[in-house]
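Participant: 135 is the number that the UniProt record's numbering gives to position 135 of the sequence shown; each next residue is one higher, with no gaps.
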Amino acid sequence: MQKLALFRLHLIVFLWGFTAILGKLIHANAQILVFYRMLFAAIFLFVFIRVYKKESIKVSKKIFFQLAAIGLAMALHWYCFFYSIKVSNVSIALSCLSLSTLFASILEPIIFKRKIDVSEVVMGTVIVACILLIFKTEFHFKEGIIYGILCAVFGTIFSVFNGKMFGKTSSGNIIFYEIFCGWFILMLFYLFSGQIFQMNEINYRDLALICLLASVFTAFPMLESVKLMKYISPFTLILTVNLEPVYGIILAFFIFGESEHMSPIFYIASAVMILAIIVNGLMKARKTKKL
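Right, here's the structure in full:
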């Protein structure tokens with residue numbers, strides 16, 4: 001069961017890594033992409049929870065509004081991620097995701113009221129140095145890097161506050177309301193800003209790809225990751241998820257060719273960031289075992 005769980009975990013991370021590939025294959029802009037991704041994912045989750053599992057989606061008003069706020073952070077995270085891909089490339093967007101670990105090392109102690117881990121600060125410093133090096137080397141992708149950093153910020157906010165919600169209602173409800181509320185807030189914003197009619201500017205090819213993105217690469221991995229928590233430790237989950245940029249950058253390199261070829265310094269800096277995250281995770285695991 002443990003080996004099967006690890007295989008399923010790597011499959012999920014591979015699917016998450018492939019979302020960046022789909023983001024580049026889809027011609028629609030980031031606004032339209034995220035709008036339909038969240039809409040379709042919410043529909044798939046609703047059908048799975050209410051029709052297939054026949055479970056209740058009832059939650060209290062307090063939990064609903066908390067999940068709505070987290071859903072907004074999720075929507076902004078996805079928008080910045082896909083916008084970064086559109087204005088730069090997959091490699092830039094995924095490498096910037098490594099900054100999530102730094103932001104989490106600052107935000108987690110505040111939210112969960114624990115002491116700041118010195119090793120996390122050191123690791124964060126290394127990651128910032130690598131991002132600055134990438135920024136200097138790939139300055140022509142500066143807009144993509146800026147949005148990639150914002151993506152990491154909103155992704156950290158989503159992840160940390162999402163961690164506080166588990167146990168307050170079912171995992172399916174948490175994921176469903178976050179995605180649905182994120183979409184609903186976007187819909188209201190586009191409605192009042194007059195941008196709602198731009199959502200019609202999409203072809204059937206893109207709709208089909210977004211449908212695939214919302215089901216196989218969004219709803220399924222999110223539900224599956226929750227199930228796997230019964231068989232693997234949170235540490236194993238977090239450590240393996242850090243491989244997402246690795247899978248994505250390698251796939252992009254072979255699928256898109258020249259547009260994804262970066263300077264040697266980019267690959268060295270990215271490798272150092274990922275290695276720093278893994279080493280920090282291993283050090284934490286040893287500390288936990290000693291305790």
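Glycine residues also receive a C-beta, built at the ideal position from the N, C-alpha and C atoms.
Quantities reported herein were computed from a predicted structural model and do not represent experimental measurements.
#1: Quick one: is G167 buried, meaning 16 or more other Cβ sit within 10 Å of its Cβ, or exposed?
#2: Cα separation between R37 and L25?
#3: Am I right that A269 and C151 are in contact with their C-beta atoms under 8 Å? What's the rounded C-beta distance?
#4: Please indicate yes or no: does the CB of S91 lie closer than 7 Å to some heavy atom of the ligand GDP?
#5: Do you know how far the Cα of I106 is from the Cα of F112?
#6: So, helix, strand or coil for D206, using DSSP?
#7: The alpha helix (DSSP H) with M222 in it runs from where to where?
#8: Thinking C-beta only, is I250 closer than 8 Å to V90?
#9: Straight-line CA distance for H140 to V87?
#10: Around the C-beta of P264, are 16 or more other C-beta atoms found within 10 angstroms, so that it is buried, or is it exposed?
#11: How close, in whole Å, do the beta carbons of S171 and V226 come, if the pair is a contact with beta carbons under 8 Å?
#12: Measure the alpha-carbon distance for L99 versus I127 and round it to whole angstroms.
#13: According to the neighbour-count rule (16 or more other Cβ atoms, all chains shown, within 10 Å of its Cβ), is N203 buried or exposed?
#14: Is the separation between the beta-carbon of V13 and that of V241 shorter than 8 Å?
#15: For S84, count the other beta carbons within 10 Å of its own beta carbon; 16 or more makes it buried, fewer makes it exposed. Which is it?
#16: For A73 and P221, I'd like the C-alpha separation in whole angstroms.
#17: What are the boundary residues of the alpha helix (DSSP H) that N200 is part of?
#18: Three-state secondary structure (DSSP) at Y190?
#19: For the alpha helix (DSSP H) that contains Y36, what are its first and last residues?
#20: By a C-beta neighbour count over all protein chains shown, 10 Å radius and 16 as the cutoff for buried, is H261 buried or exposed?
#21: Taking 8 Å as the cut-off, decide whether the C-beta atoms of V59 and N162 are in contact.
#22: Quick one: is K115 near chain B, going by C-beta distance under 8 Å?
#23: Determine the burial state of L102: buried for a count of at least 16 other Cβ atoms within 10 Å of its Cβ, exposed for fewer.
#24: For A69 versus F81, is the C-beta distance shorter than 8 Å?
#25: Mind checking which residues open and close the alpha helix (DSSP H) that includes E120?
#26: On a Cα-Cα basis, can you pick out the residue from K61, P109, R8 and V246 that is closest to C181?
#27: DSSP three-state call for M262: helix, strand or coil?
#28: According to the Cβ coordinates, are A75 and T156 closer than 8 Å?
#29: Using 8 Å as the threshold, is the segment 132-149 in touch with the segment 187-202, meaning 3 or more CB pairs across them?
#30: Use the C-beta contact count for Y52: other C-beta atoms within 10 angstroms, 16 or more gives buried, fewer gives exposed.
Facilitator: To lay it out plainly:
#1: Taking a 10 Å sphere around the C-beta of G167, we find fewer than 16 other C-beta atoms and assign the residue as exposed.
#2: 14 Å
#3: In this structure A269 is not in contact with C151, their Cβ atoms being roughly 18 Å apart against a cut-off of 8 Å.
#4: Ligands are entirely absent from the displayed structure, and the ligand GDP is therefore not among its contents.
#5: 11 Å
#6: D206 falls in the helix class under three-state DSSP.
#7: Going by DSSP, M222 is part of the alpha helix (DSSP H) stretching over F220 to L228.
#8: no
#9: The alpha-carbon of H140 is positioned some 10 Å away from that of V87.
#10: Counting C-beta atoms within 10 angstroms of its own C-beta, P264 has fewer than 16 neighbours from the protein chains shown and is therefore classed as exposed.
#11: Rounded, the Cβ-Cβ distance is 4 Å, consistent with contact.
#12: 7 Å
#13: Counting Cβ neighbours within 10 Å, N203 comes out exposed, since fewer than 16 surround it.
#14: yes
#15: buried
#16: 19 Å
#17: From DSSP, N200 is part of no alpha helix (DSSP H); its letter is neither H nor E.
#18: helix
#19: Per DSSP, the continuous alpha helix (DSSP H) segment holding Y36 begins and ends at A30 to F46.
#20: Burial state of H261 is exposed, judged by a 10 Å Cβ sphere holding fewer than 16 other Cβ atoms.
#21: Not in contact: V59 and N162 (Cβ atoms no closer than 8 Å).
#22: Looking for chain B here will not work: only one protein chain is present.
#23: buried
#24: no
#25: V118 to T137
#26: K61
#27: In the structure shown, M262 sits in coil (DSSP, three-state: anything other than H, G, I, E or B).
#28: no
#29: A contact between stretches requires three or more CB pairs, one per stretch, nearer than 8 Å, and the segment 132-149 fails this requirement with the segment 187-202.
#30: exposed
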